[in-house]
Every structure is written in structure tokens, then in C-alpha cells.
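Number of protein chains: 2
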Amino acid sequence: MKQILDRLSLKEKIGQLNQRLPGWDALRVEGSQLIVTDELKREVDQFGGIGSLYGLQRADPWSGRHWGNGIPPERSAEAAALVQSYIVENSSSGLPTLFVEEAPHGLQGLGGHVLPVNLAVGAAWDDALVAELAQEVAVELRSRGIHIALLSGLDMLRDPRWGRAEECFSEDPMLAARLVRATVTAMQDAGVGVVIKHLAAQGAGIGGRNGSGAPLGWRELHEIHLTAARAAAQAGVVGYMAAYNDVDGIACSANRDLLTGVLRETWGWEGIVMADCTALDRLLDQTPDHASAGALALKAGLDISFWDQAYVVLDEALDRGLISMEDVDQACARVLSVKERLGLLTPVPAPAANPVGATTRADALARRLARESVVLLRNNGVLPLSETSRLAVVGPNSDDLLSQLGDYTAPRPTPDPDSSTVRSALQECGFPVLHATGSKLRERIPGGVEAVRSAVDASDIAIVVVGSSSRRLYESEFAENGAVAGADLGMTNGEGVDMSRVSIDPVQIEVARAAREAGKPVVGIVIGGRPHALTEFAGYCDALLFSAFPGPTGGHAIADILTGAESPSGRLPVTLPGGEGVWPVAHDERRETSRGYANASYADNILLGTGLTYSTFESTILSATKTAAAEAEVRVRVLNSGSARSRYVVPLYGRRHVLGVRPRKRQIIDYSPVMLDPGAEQEIVFRLGLEQLGTVNSQGLLETAPGHLDVWVSDDLHPPTDSVRIEVQG
Amino acid sequence: MKQILDRLSLKEKIGQLNQRLPGWDALRVEGSQLIVTDELKREVDQFGGIGSLYGLQRADPWSGRHWGNGIPPERSAEAAALVQSYIVENSSSGLPTLFVEEAPHGLQGLGGHVLPVNLAVGAAWDDALVAELAQEVAVELRSRGIHIALLSGLDMLRDPRWGRAEECFSEDPMLAARLVRATVTAMQDAGVGVVIKHLAAQGAGIGGRNGSGAPLGWRELHEIHLTAARAAAQAGVVGYMAAYNDVDGIACSANRDLLTGVLRETWGWEGIVMADCTALDRLLDQTPDHASAGALALKAGLDISFWDQAYVVLDEALDRGLISMEDVDQACARVLSVKERLGLLTPVPAPAANPVGATTRADALARRLARESVVLLRNNGVLPLSETSRLAVVGPNSDDLLSQLGDYTAPRPTPDPDSSTVRSALQECGFPVLHATGSKLRERIPGGVEAVRSAVDASDIAIVVVGSSSRRLYESEFAENGAVAGADLGMTNGEGVDMSRVSIDPVQIEVARAAREAGKPVVGIVIGGRPHALTEFAGYCDALLFSAFPGPTGGHAIADILTGAESPSGRLPVTLPGGEGVWPVAHDERRETSRGYANASYADNILLGTGLTYSTFESTILSATKTAAAEAEVRVRVLNSGSARSRYVVPLYGRRHVLGVRPRKRQIIDYSPVMLDPGAEQEIVFRLGLEQLGTVNSQGLLETAPGHLDVWVSDDLHPPTDSVRIEVQG
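Below, the structure is given as C-alpha cells:
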């Protein structure tokens with residue numbers, strides 16, 4: 001390492017700290033030819049190498065790459081090898097580059113395997129399955145020559161207005177931390193480095209606006225927003241992406257307390273911190289020029305710039321004495337360490353001859369995950385469907401594959417035989433189906449409501465599928481960082497699409513009303529990317545399901561539930577607000593004496609953890625025993641007391657009391673999914689450690705503080721009478 | 001002091017730290033008799049004295065005191081003297097009590113002079129007038145035997161949903177700090193001690209819910225929420241009331257960092273910290289019992305409990321070693337110091353023979369303040385009214401005095417000749433007026449809209465007065481601390497009445513629509529207590545005025561503007577959101593790259609500072625000169641370039657750049673009202689010091705940090721091309 005560093009020129013070092021060339025501009029596909037572009041050559045020349053290359057395989061409206069001009073999946077490994085060879089052979093540094101790609105729910109490249117979005121993953125409460133899928137994705141990435149996956153997971157869903165809500169696992173830090181740990185560990189064990197994003201508190205952006213400031217205090221930051229990041233550090237994550245937002249005035253990209261203090265000094269973590277796209281140049285709002293912006297970030301502990309001028313002029317910053325050569329070397333050494341860790345500094349192995357696409361196994365796992373993520377919020381008995389029912393499948397999301405996929409998704413292949421919508425899947429199941437779209441997401445369709453009424457009139461049951469969509473179009477306008485910049489009535493979710501209202505849109509309500517007025521039972525399904533307010537929509541439904549963007553197999557997954565092939569078992573990973581303006585609503589807000597809003601009822605909120613099965617379950621805490629100062633065991637018995645075999649997630653909720661600190665109402669302490677036949681029971685042992693019993697101290701480390709932890713297994717927000725207390729000594 | 005302390009028993013010391021007896025229960029009015037109650041006697045016996053007595057003269061629905069059973073204003077001094085004599089003569093301590101009363105906008109006692117609420121005061125931008133009125137109120141309080149006034153002023157209006165929005169001066173810390181300083185100084189110079197509330201950050205309660213947690217960071221806390229508190233400390237305020245909310249998890253009442261660290265150690269302030277009602281017993285959410293709750297608060301630096309059991313059992317806390325006698329003595333010494341400062345420890349002077357009620361001068365000042373607080377948001381030329389117009393004065397707030405008064409108001413006398421509504425005032429002016437209420441605030445009135453249409457049809461101009469109300473009824477339900485507990489369709493504002501929606505209510509919009517449809521010019525007037533979203537209502541109006549609860553003379557004040565007797569000159573002290581869910585919107589949020597909500601336009605927000613006159617003004621910065629390291633002079637010329645004599649508030653806005661800190665978009669740096677005839681001009685010198693040029697350092701003290709301050713005098717949110725830069729060295 002030191003040897004490499006010693007032989008690099010300043011220019012070459014700076015090259016390692018810049019991720020500047022849009023990857024899709026590095027290679028041109030011409031007929032059967034893959035051709036290295038002049039842009040790539042110029043970039044290599046300018047810096048004597050390229051530290052990392054983002055998005056070589058990215059395909060989506062923003063990059064402008066699609067099946068007509070992008071890298072075909074079967075040639076992706078070859079493409080990566082070609083670019084790598086060019087870089088290694090033509091760089092004065094002789095160093096290979098890191099190939100970095102977006103993979104927040106599968107690779108955002110042509111043919112990439114697409115999973116449910118994080119918000120759906122959060123609803124499944126299934127670390128093991130998430131790990132299996134992460135491994136499948138990692139195998140695919142490696143086979144395509146990719147070294148580093150950018151993964152969402154750290155953002156906490158604290159405001160339903162935020163367009164990136166779908167990228168969050170939960171509002172609860174423990175659930176998010178568990179899923180982050182499972183994902184990072186599985187992917188990295190399979191040989192792909194993870195850069196997890198975003199650090200920190202982007203989910204607390206004021207007003208739910210993308211990248212707005214998060215004026216948070218230290219406790220809120222550590223207890224809510226850094227818990228998942230701490231889990232990632234413990235899992236040895238390769239890197240973090242610094243968030244756009246500031247935390248209490250200090251931009252994350254230039255936040256020394258965060259990037260050096262918390263990550264490296266307190267947590268003892270080693271790895272790279274990458275900027276978000278153009279985030280360093282945005283520091284010009286507080287620095288006089290690019291060189292000082294670069295200096296601010298480098299000194300804070302940020303290693304890799306992402307499309308900024310600020311790190312191009314680090315030589316100027318050095319000349320002006322704003323940074324030292326040690327600062328440059330430190331960042332460069334970190335980048336080289338990651339290359340070493342990922343095997344790039346040993347002779348490069350031959351690329352896999354056959355890139356692995358979506359496998360049958362992965363498809364089955366994804367469908368299982370999608371199924372587990374469906375949350376049954378209400379059921380008056382209409383579900384599961386009778387086999388002989390004639391169905392009217394209506395609503396804007398009833399047959400729109402793009403609305404199921406979420407943001408950061410590559411275009412699907414044509415034909416796309418593995419994908420399904422609610423309409424197509426129910427038809428495949430053999431139901432007679434009449435279909436009507438009814439409306440668009442925010443626009444009426446002429447005759448739409450009438451078509452819905454006709455379809456329902458001629459059916460036994462109405463399936464009304466509404467919600468939101470992160471669909472991007474090739475005609476959309478984009479900001480310089482790829483967020484959507486132009487308003488589009490068809491896109492109601494995703495990066496750059498923050499919404500001040502989160503109810504099901506009035507034009508969609510009209511569709512539900514038309515179905516209801518036809519006098520048939522109504523099954524409402526919300527396919528969406530944020531915690532929608534469902535109070536009004538629910539008023540039209542006999543049964544109600546919530547499915548965060550479930551991915552291409554979403555139709556099948558939802559049909560599995562509707563038909564009763566599987567019992568639903570998802571639980572909301574967030575609290576749904578009961579109405580407009582009724583937020584935030586997280587179950588782990590601190591206790592307060594406010595009675596809520598005079599014009600709205602808290603009872604209309606739908607609490608995190610809500611989710612029915614087709615059976616009934618009874619959970620009881622058998623015992624709670626301290627086994628060490630910061631260890632305890634909670635034994636729980638769970639019984640399937642109903643008549644259907646079902647998966648069931650046993651939650652362990654808790655309220656932590658620390659003297660002198662206002663307690664949070666409820667937090668997830670642990671959880672465990674079981675699969676039980678009717679009448680069967682199972683005993684579960686929850687083993688609690690410092691993570692559950694401890695408190696973050698003023699250094700940002702977990703320690704025990706005097707107080708107690710009340711735990712319970714029912715869905716109550718407040719400790720019920722049968723909650724059990726675990727004393728904690730300081 | 002030490003001598004007194006030495007002779008007090010523990011019981012007597014504890015008595016000095018408790019403000020436990022509701023004052024209205026201390027005295028009974030029976031015919032012409034004022035009779036000391038058994039409750040008072042028991043309280044004196046229990047503690048060998050009473051440290052302070054809250055609310056002896058309070059009259060309102062919560063206390064249940066009114067003109068039929070309360071203390072008549074002309075006997076208030078006598079009543080206070082009677083209670084004081086009883087206490088002094090029957091206390092083993094022999095110490096007099098402090099009489100404490102609510103006076104957030106005038107005394108909340110029978111006959112008390114009622115001023116516009118703070119939100120209206122903020123709209124006038126007039127420190128000098130505020131000081132004059134504060135002095136009038138103080139003279140009245142003193143003449144009634146009152147020692148301490150509880151005043152709102154520290155809460156910053158950051159969320160329009162909060163029911164106590166009306167008690168805030170502004171969203172901007174500088175405007176609030178100036179008005180707090182003016183009020184505190186004037187009242188205390190007139191001999192009344194001020195306990196200013198609330199400390200701290202109650203306006204940042206999550207969700208705009210009353211008393212909910214404020215998970216704020218240090219910079220946000222100091223820069224936004226402690227600026228006015230710092231001004232109060234500099235003005236030598238007698239005390240602070242600790243807020244209900246927690247700051248980042250630590251309840252303000254038990255927040256040692258705040259009550260001891262910031263107030264006493266950093267700022268060097270000396271005085272008392274009082275709890276809010278029952279706030280210490282609320283600490284039971286984090287402590288095992290009352291004694292430990294009391295210990296937590298006392299150790300933090302809280303001196304006077306307000307209706308808690310927690311401070312009654314301080315002897316138990318002492319026995320258990322949770323506190324020391326030094327802790328008790330310290331708090332007790334602070335209470336005694338305030339008594340000494342207010343002249344209570346010297347022989348008590350004879351009470352004023354004639355309590356001073358609302359004087360003619362005070363009435364005129366209040367009307368002037370109310371007038372200055374009216375903000376003209378839009379005018380297509382319909383205002384001022386032509387003298388010959390026939391007016392239809394309609395809408396729920398067109399003739400409802402209670403809706404003009406705000407929360408914390410005593411019942412008005414009957415008859416009430418000095419008060420006025422828009423209807424009564426315009427009739428007094430001689431206009432032919434047809435009146436129709438149209439609707440209630442949140443309920444239709446049968447035939448209401450039809451009556452509006454008839455009235456407008458028969459008139460030349462429609463005056464539509466809508467808004468909100470903090471009216472409390474004697475039938476309302478109250479929480480233990482006096483906040484409203486039951487929903488009431490007629491009360492849409494005030495403590496305990498947080499609202500998730502802030503637009504003008506749909507039933508009121510129907511009234512405006514009816515007026516508009518009649519085809520006559522419509523003047524819209526919003527009399528309200530929060531930053532309402534006006535977008536829809538404004539769509540029906542040719543002219544639009546916003547008047548935060550203007551008090552009993554509000555009708556006259558608004559009529560003065562409508563008729564053109566005076567030009568409007570108020571400026572919004574807050575930013576009005578453009579629609580539901582579009583918040584927060586403060587002008588001083590930090591810069592961000594978000595484009596706002598996809599479904600809403602920032603252009604619909606109405607920015608702090610907005611406000612038209614009947615003339616036009618041109619302001620120019622002539623020069624900006626550094627006169628010392630942390631001093632500068634900005635010379636501004638202002639010209640009345642229009643055709644009407646008018647008051648005009650010259651604002652000096654600024655953006656402060658500090659290296660490494662994300663700047664706030666805009667802040668009020670200074671302001672100065674002028675009164676100019678058409679064609680006249682005036683030069684103003686703004687003298688900036690550390691308060692304007694400095695930055696809060698990590699100790700919580702103002703210091704200079706390297707960067708610059710851009711200043712400008714136009715109403716732009718961002719520095720315009722003619723902004724002027726003042727360099728600041730570190």
C-alpha cells in the first residue's frame with residue numbers, strides 16, 4: 001500500500017479520489033462492437049488513471065441508456081473487462097478502477113434482477129430471506145464485473161412526504177439496522193463491496209423535502225439515524241455515501257464530526273466515504289471557491305468525490321495550504337485499501353465467461369419476499385377469494401408493471417415473461433377478469449369511472465388497485481444529479497418527487513367510490529412507495545392490502561395472497577398517517593401529553609406492526625431473565641390459534657426508561673418470523689444485548705445506563721398490563 | 001438574604017419553592033366582602049408561608065371566574081393586600097408572597113387591558129410602541145398589587161399547526177428578540193417583574209403538537225430558539241418559565257444544560273426559573289416517583305414548581321440523598337433575591353388606592369398597534385374604500401368580538417363600549433352596512449350562504465371576514481393545566497388546539513365564493529391566530545388583509561385601514577404556507593437544493609415581510625462600513641415615491657456566510673419604521689454589532705467567525721444584485 005502510494009504522483013492520487021466520468025459515457029455499443037470512448041481516454045489521460053467509475057452498466061431514462069443502446073447483459077462482463085484493460089494499460093498509475101453501480105433493489109442495469117423496494121423489504125421482517133437475495137444479487141454483480149454496489153438502507157422514514165420513502169426500510173432504527181446488517185454481510189461475503197447510503201439523517205430532512213437540512217440533536221441522530229449506520233460499520237461495510245443534507249447546519253459531505261469523529265474515531269471503522277453526486281460543488285454555498293470546498297470535504301474525511309470540480313482542483317487546495325499532502329495520502333490510501341480488499345491489487349482474475357442474470361432461484365426468492373411484504377390491513381371475510389368469483393380488476397395500478405418497480409430501475413426486457421401485474425396474475429390463476437384502469441394516478445380518464453362501474457356490475461367482487469408510482473420516462477427532465485426536475489402527473493414518488501399531500505389521490509378515490517356504489521364487495525390494494533394516508537380509501541373497502549412497490553413478480557405475489565395460496569404475513573414497517581398534515585407519526589417518538597390535532601383523530605393512524613394473517617396467533621412472554629449486566633433472554637411462546645397455516649412475525653416491542661430522559665413510546669427490540677400449522681405452537685428465545693439494553697452515551701458508544709426496559713409481544717403502542725420489565729443497572 | 005435563609009426551616013424553604021394553590025381559590029367574593037379562603041389558610045399552614053401565588057386575579061372559563069364571581073377590578077389592589085396581609089401575618093416564615101399573573105397580551109383579569117396578541121405585535125415591527133404599551137400594562141399590574149407578569153415571547157413560530165402560534169412574535173429570532181427586549185425592559189422599568197416563557201424551543205415541537213419533543217441540534221437551538229431568550233437575559237429579566245417539551249430527549253424542566261449551563265454559567269444571568277403547570281409531575285414518565293422527579297428538576301436549576309407534588313416532597317428527596325440542602329438553599333435564595341429586587345423584603349408599601357384600569361392613552365396606543373399590525377397582502381385598487389360605498393360585511397369573523405381577542409383573555413365587561421368589530425366600526429364610520437355571518441368557523445349556518453348573497457347583491461362591495469378563533473367557553477373541557485381538552489368546532493386556535501390543516505375552512509370558503517359570485521369587488525380579511533394557508537381564499541378576493549387577533553379595538557383598527565384614514569404598514573412576521581402540508585416554510589431555513597413539492601408551488605407561499613401600503617417606497621443602501629471588528633454601519637435612504645402619507649417599515653435583511661456552515665436563506669438583521677409624506681425621504685443608519693455580525697460559538701456565546709454578511713433592503717428571499725457585502729474576520 002505504502003509502496004503504491006509512494007510511487008503515485010499528485011495527479012495520480014487526485015485521480016484515485018475522483019469518480020467523475022459518467023460510466024455510460026465510457027463505452028459505446030455499435031452493432032456487435034463495444035468501443036471505448038474518447039471521454040474515457042481523456043479522463044484516463046487527465047488523471048493518469050481512474051479511481052472509480054460509476055454507472056458503466058446503468059440504464060434508465062436519466063442515463064439515456066436502454067435496450068437499444070445500452071450494454072447487453074450477456075456482454076456486461078466483457079464490457080467491464082474491456083474498460084478495465086484500457087484503464088490499466090493506459091494509466092500512468094497502472095491502477096485498475098473500481099466499478100460502482102446502483103443496486104438499491106437489484107442492479108440498475110439491463111437485465112438486472114429487480115427486487116421489491118426497501119419499504120417492501122421492511123414489511124417482510126425477514127433478515128434471512130433478505131440475506132439470501134442479497135447474495136443472489138452479489139453473485140450477479142460479480143459475474144458482470146462490478147466491484148461496488150450502492151445500496152440504500154440508512155435513511156429512516158420519518159416523513160411520508162419524502163419522495164425517497166420507498167428507499168427506506170422502516171421508521172424504526174432496529175428494523176432498519178437488522179436489514180442493513182443482513183444485506184451488507186451477505187453481499188460482501190459474496191465478494192461485492194457495499195457503499196451504504198446515506199450518512200446521515202437524510203430521512204429527517206425538514207419538510208420531507210429531498211436533501212433539506214436536518215437540524216437534529218445528538219440523541220436523535222444517534223438513536224434514530226445512526227443505528228443502521230452503526231450496524232453497517234459492525235458488519236465491516238466497505239463504504240458510506242455522505243448525504244446531501246446538513247445535520248444542524250453542517251453539510252454531511254464536509255462534516256468532520258460525522259465522517260471522522262463518529263465513523264473512524266468512535267466506531268473504529270475503516271473504509272471509504274463517497275460523496276453523493278455533485279454534493280461537493282454544492283458546498284459553494286458556504287465556501288468561496290471549488291478548491292476550498294474540496295479542502296473542507298477532504299479535511300472532514302470524505303475520500304471520493306462524485307462528479308465535482310471540487311476534487312479536481314485539490315492540487316490548487318494543496319498549493320494554497322488549505323490541505324496537506326497527508327490529507328491527500330490518507331484518502332488515497334483508503335481507496336487503495338478497498339481495492340486491495342476487493343482483490344483489485346492482485347493480478348486481475350479473468351472475468352466470468354457467462355454473466356449470471358436473474359436465476360430461477362432468485363426469481364422464486366423475490367416472489368417470496370414480495371409475498372411476505374404484502375400487508376393485510378383489514379378483512380371482513382371477503383379474502384381469500386372464492387375460486388369461482390368473477391373479478392373486476394380496476395384502478396390505475398391494477399395492470400401497470402412500471403408502477404410496481406420503484407425508482408432506480410432499469411428498463412425491463414421485451415417480452416418480459418416473468419413479470420406480472422395484479423390483473424395478469426389473477427387471470428393466470430384462472431379467474432374470469434374484467435379490467436378497467438379507471439383513472440391515471442392524478443388525472444381522470446374520459447369514461448374511466450363508467451368503465452369501472454360496468455366491469456364491477458358484471459362481476460362478483462371488485463379488486464381496486466390504487467397507489468403511487470416512481471415510473472420515470474425517457475422524456476422526463478432531470479436535475480444534474482438525476483433527481484426528477486420536472487413535474488409529471490404520472491410520477492408521484494421517487495427521488496425529487498416530494499409531495500405535500502399523501503392521501504390516495506381524489507381521482508383514484510372516484511374509482512373506488514364507483515366500485516363501492518356498484519354494491520359488490522371491494523378489495524382495495526394500495527401499491528405505493530410511501531406511507532399513504534388511507535382513511536378515505538379504506539372507507540370504500542371490505543378488505544385492504546398495502547404493498548410497497550413489490551417488483552416485477554408483484555402481481556403473482558399479491559395474487560398468492562388474494563387466492564389464499566399463502567396467508568399474508570407482512571407487517572407495516574412504518575406508521576401510516578390518518579390524514580393530511582398528520583405527521584410525523586413514528587411509533588418511537590418520545591412520549592408527550594399532547595392530545596393530537598383538534599381536527600384529526602390519532603385512531604386513524606395505522607401503527608407500525610399492523611398486519612393480519614388468515615389465521616390468529618397468540619403470543620405470550622414466558623420469562624425474561626437477565627443473564628449478564630447487558631444481556632437478557634426473553635422466552636416467548638407463540639400459538640397458531642386459528643385455522644390456516646401461516647407465517648407470523650413475532651415482534652418484541654419495548655420501552656426503554658433511562659433516568660432523566662423522556663422515553664420513546666415504543667421501539668422494536670427484536671422479532672422472529674415463524675411458520676405454523678393451525679394448532680401448532682413454538683417457543684422463541686430472544687437474546688438481548690447491549691444493542692437492545694444499552695443507551696448511546698455522549699461519546700456515541702452504547703453503554704448501560706440505570707433504568708429499565710419494558711417488553712411486550714402484543715401490538716399495543718403502550719406497555720400493556722402483561723408487559724415484562726427488565727431492570728438495567730448503570 | 002443569607003440571614004433570612006438561615007432562619008427558615010426546611011418546610012419554610014420548600015414553601016418558597018412551591019406555587020401550588022390556584023390563586024382564584026385564595027379569595028372568595030361574597031357580596032361586598034372579600035374573604036380569605038380555607039384553602040389559602042391550609043396552604044399557609046402547610047408550608048409556613050407561600051412562595052408565590054399564581055392567578056389570584058385570573059378570570060376565564062378555566063378558572064371559572066367571571067364578572068359574577070371574580071374580583072372586581074376596582075377592588076383588585078385591596079384583594080391583593082388582603083391576601084398578602086394574611087400570608088405575612090400567619091406565616092411562620094413571615095415572608096410575603098409573590099403575586100403572579102398571566103399577561104401575555106394584557107392582564108388576564110377582569111377589567112384588564114387587552115392588547116393585540118403577540119403575532120399581531122410581530123406584524124407591526126414597532127419596538128417603541130410595544131415598549132409604551134408594556135409600560136401601560138405594567139402600571140396597571142402594579143396598581144393591582146401584582147408583582148410578576150407571565151409573558152409569552154420566546155416561542156418561535158416554526159409550525160403553523162401549533163395552536164399557540166398566536167403567542168409567538170415571529171418565525172424570525174431577531175424580530176422576536178427585539179420585541180422581547182422592548183417588553184421586558186419597559187415592564188421591569190415600571191416595576192413589574194417579568195417571567196418570560198417558554199424556555200426553550202416549544203415552537204419546534206414535533207408535528208406542531210403542543211409540548212411535543214423538539215429533537216433539535218445545538219446550532220438550531222441557539223440560533224433560532226435561544227436568541228430571544230438571550231435578549232431577555234441581557235435585559236435582566238426576572239425569570240424564565242421552563243417549557244413542557246423536551247429538547248432532544250431532555251425535558252426542559254429538568255434540563256441542567258439549559259437551566260444552569262446556558263442561562264447561568266454561559267450567559268451569567270441571575271434569576272428564577274419557574275416550571276410550567278404540572279410539568280414536574282410529568283417527569284414521572286422518566287423517574288420512579290415524585291421525590292426523584294423533584295430532585296431531577298431542582299438539580300437542573302429549576303426554582304419554582306407550579307402545581308406539582310414533586311416539590312412538595314423535596315424533604316423526602318433530601319432524606320433519600322437525592323438532593324442536598326445546598327440545592328434547596330440555592331433555589332430559595334433565588335426566590336428571595338427576586339422578592340428583594342421587587343421590593344417585597346422592605347416594608348410593604350401601601351397598595352395604590354385606585355387601581356389603574358385601561359386608560360384612554362392605553363386604548364389609543366392599543367388601537368394604533370392593532371392598526372400597524374394589519375397586513376395588506378393584495379390590493380387591485382379597491383382599497384381604500386370610497387366614502388359612498390354600500391358595504392356587505394359578511395363572514396364568521398365579521399362581527400364576533402371574542403374571535404378578535406385571542407387565548408388567555410378575561411371576559412369582557414358588559415357593556416363594552418370601547419370594543420369594536422369590523423361590522424360595528426364600519427357602521428360607526430357612516431357606511432351603509434348589510435351584515436350576514438354566512439357560516440360559523442367550521443360549520444355551515446342554515447341559509448347562511450343565501451344571506452350573504454342577498455347582502456352582497458344589495459351592496460357595492462363585499463367585505464368578507466374569515467379566519468379562526470381562540471374563543472374559550474365556560475362550558476369547555478380543560479386539561480389539568482388549562483389547555484383545552486375537548487374538541488370544539490368554534491375554537492380553532494389556542495393552547496391545546498393544534499390543527500393538521502391550516503387553510504381557511506371550506507365552509508368559510510363557501511361564504512367567499514358566494515360573495516364573489518355576486519359580481520361585486522371582494523375585500524377579504526383574515527382575522528386569525530396562526531399562519532393560515534390563504535391560496536384558495538385569496539382567489540376570491542380583490543384585496544386581502546391579514547390581521548392576527550387584534551384585540552378589542554380591532555374593528556376600529558381595521559376600519560382605519562379600509563377607509564384610508566391610515567395607510568396599512570404591517571408586514572407579515574411569518575411566512576404563510578401556500579397549501580396544506582407545505583411546511584415548515586420559515587424564511588430563515590438553511591439553503592437547500594430541493595425544488596419543493598411536486599404538487600405545490602413555492603410561489604404560493606407568502607413570505608415573511610410581505611405587506612403593502614397605500615403608497616410606494618424606494619429604499620437604497622447608500623453605504624455599509626465596518627467601524628470595528630464586530631461593528632458596522634449601514635446607511636439607507638428611503639423615499640415615499642407614491643401619493644399617500646404612510647408609515648413604512650424599512651427592513652434590513654441579510655444572509656450570513658460562515659465557512660463550513662450551510663447558510664440560512666435570509667434573516668432579519670435590523671429594521672426601522674418611518675412615517676413619510678409623499679415625496680419625502682429619510683436617511684436611516686443601522687448600527688450592527690455582535691448580535692448581527694456574530695455567530696454562536698460552541699460555548700453558546702456570540703463571537704465573530706470568518707465569513708461575510710450580505711445585506712439588502714428589498715423583500716427578496718435571496719440576495720439581490722444590489723445587496724451589499726460586509727466582510728467578517730474570525
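Line order of the protein sequences matches chains A and B.
For the first sequence, full-length UniProt numbering assigns the number 1 to the initial residue and increments by one for each residue that follows.
For the second sequence, full-length UniProt numbering assigns the number 1 to the initial residue and increments by one for each residue that follows.
Using N, Cα and C, we set each Cβ at its ideal position, and we do this for glycine too.
The structure presented is a predicted model; accordingly, all values stated were derived computationally and were not measured.
With contacts defined as CB atoms closer than 9 Å, Ser503/B and Val121/B fail to qualify as a contacting pair.
About 5 Å separates the beta carbons of Glu703/B and Asn697/B, which is inside the 8 Å limit, making them a contact pair. For the pair Ile206/A and Ala165/B, the Cα-to-Cα distance works out to about 19 Å. The Cβ-Cβ distance between Leu17/A and Tyr240/A does not fall below 9 Å. Rounded to the nearest angstrom, the gap between the Cα atoms of Glu101/B and Asp560/B is 33 Å. Taking C-beta atoms as the reference points, Leu157/A and Ile196/A fail to come closer than 9 Å. Here the alpha carbon of Ser292/A sits roughly 14 Å from the alpha carbon of Pro706/B.
Following the DSSP letters along the chain, one finds Ile669/A in no alpha helix (DSSP H) but inside the beta strand (DSSP E) bounded by residues 667-676. Look at Gly581/B: its C-beta is under 9 Å from a C-beta on chain A. Within the same chain, Cβ atoms closer than 6 Å to the Cβ of Leu345/B are found at Lys339, the five residues on either side in sequence being excluded. Tyr602/A and Ser324/B have their C-alpha atoms roughly 43 Å apart. The C-beta separation of Arg161/A from Ser500/A comes to about 6 Å, placing the pair in contact by the 8 Å criterion. In the DSSP annotation of this structure, the continuous segment of the alpha helix (DSSP H) that includes Ser76/A starts and ends at 76-90. If one requires a minimum length of 4 residues, the alpha helix (DSSP H) runs lying completely within the segment 372-421 of chain B are 402-405, in chain order. For a cut-off of 8 Å, the C-beta gap from Ser91/B to Val44/B is around 6 Å, short enough to register as a contact. Close to Met499/B, with beta-carbon spacing below 9 Å, are these residues of chain A in chain order: Gly581, Tyr597, Ala598, Asn599, Ala600. By the criterion of at least three beta-carbon pairs nearer than 8 Å, the segment 108-123 of chain B is in contact with the segment 363-379 of chain B. Within chain A, the residues whose beta carbon sits less than 7 Å from that of Gly249/B are Arg219, Arg590, Val661, Arg662, listed in sequence order.
A residue is called buried when at least 16 other Cβ atoms come within 10 angstroms of its Cβ; Gln57/B meets this threshold and is buried. Scanning chain B for C-beta atoms nearer than 7 Å to the C-beta of Leu314/A yields nothing, as the closest lies near 17 Å away.
At a beta-carbon threshold of 9 Å, none of the residues of chain A lie near Ile323/B; the nearest stands roughly 14 Å away. Within the same chain, Arg367, Ala370, Arg371, Val374, Pro550 come within 7 Å of Ala557/B by CB-CB distance, once the 5 residues on both sides are set aside.
Close to Arg320/A, with beta-carbon spacing below 9 Å, lies no residue of chain B; the smallest spacing is near 14 Å. In the DSSP annotation of this structure, the continuous segment of the beta strand (DSSP E) that includes Ile148/B starts and ends at 148-152.
About 7 Å separates the Cβ atoms of Gly153/A and Leu179/A, confirming a contact at the 8 Å cut-off. A straight-line Cα-Cα distance of about 40 Å links Ala138/B and Asp289/B. Using a 10 angstroms sphere on the CB of His222/B, the tally of other CB atoms reaches 16 or more, which defines it as buried.
The beta carbon of Gln692/B sits no closer than 9 Å to any beta carbon of chain A. Ile606/A is the residue among Arg181/A, Ile606/A, Leu391/A, Met675/A whose C-alpha sits nearest the C-alpha of Phe546/A. In this structure, the beta-carbon distance from Gly193/A to Ala243/A does not fall below 9 Å. Across the set Glu270/B, Trp218/B, Asn255/B, Gly217/B, the C-alpha of Glu270/B shows the shortest separation from the C-alpha of Gln234/B. Between Gly51/B and chain A, the shortest Cβ-Cβ separation is not below 9 Å. CA-CA distance, Gly611/A to Pro415/A, rounds to 35 Å. The C-beta of Lys13/B has 16 or more other C-beta atoms within 10 Å across all chains shown, which makes the residue buried.
Here Val328/B carries a helix assignment [DSSP, helix/strand/coil]. Nearest C-alpha to Asp363/B among Asp319/B, Ser420/B, Leu376/B: Ser420/B.
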